[in-house]
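One structure below.
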Amino acid sequence: MGRPKLYKTTEELQEAKRVHRWVYYTRHKNKISTKMKARYRAQNPVSDKTSMTPKPVVSRCHLSEKKSPNHYLGGPPHETLDTLYTGYLETRCSDDIRDVMGIVQEILQELKEIEDSMSGGRATDRRYTNAQDDTKQAADVLLALEDLFSCAMELPST
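For the sequence shown, counting from 1, position 137 maps to 136 in numbering that gives the first Met the number 0; every step adds exactly one.
Right, dumping it as structure tokens:
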């Protein structure tokens, strides 16, 4: 004998699917927003002036390769922040800062997950210590990006 049906009508099934989609969206909102912004910008390029400003290189590789956040930012964090700020001063468009903030948030979340998975009784392990250092560095970069974004929003627009 089979199990009883969960949904008796098509309306119940549609409602359950809608709830599932909403739960997934709320859990992955940052990732979905970042992906949609990148797709939109690829289809709708901005004027030539913004394309002349240097873009920070932010990689979306998986952190399981155990590389430092500098690798994913394309260099030292201060260079990425300088590039973002000069780009903002030239264009007065804060979209690049927002995109990098979203990516750094994803990197920070992955680093925290890696650190949590390594914390099983090996608090003195060198890899665990490196993971803690990388997590702290990513958190510091995120704080600096948030400060940069706040300062950019306070500047008068021309």
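In this text, a Cβ means the ideal position worked out from N, Cα and C, and glycines have one as well.
Handout entry: the region 72 to 90 contacting the region 2 to 17, beta-carbon criterion three pairs below 8 angstroms
Key = no
Handout entry: Ala137 and Ser93 closer than 7 angstroms at C-beta
Key = no
Exercise for the section: State buried or exposed for Val18, treating a residue as buried only when at least 16 other CB atoms are found within 10 Å of its CB. Expected result: By the 10 Å Cβ count, Val18 comes out exposed.
Exercise for the section: Would you mind sorting Leu5 into buried or exposed? The rule is 16 or more other CB atoms within 10 Å of its CB. Expected result: The residue is exposed, with fewer than 16 neighbouring Cβ atoms inside 10 Å.
Problem - Where the alpha helix (DSSP H) through Met117 begins and ends - result: 94 to 117
Practice task
Mark Thr134 as exposed unless 16 or more other C-beta atoms lie within 10 angstroms of its C-beta, in which case mark it buried.
Solution key: buried
Exercise for the section: Could you tell me whether the Cβ atoms of Val103 and Leu141 are closer together than 7 angstroms? Expected result: It is a contact, given that the beta carbons lie within the stated cut-off.
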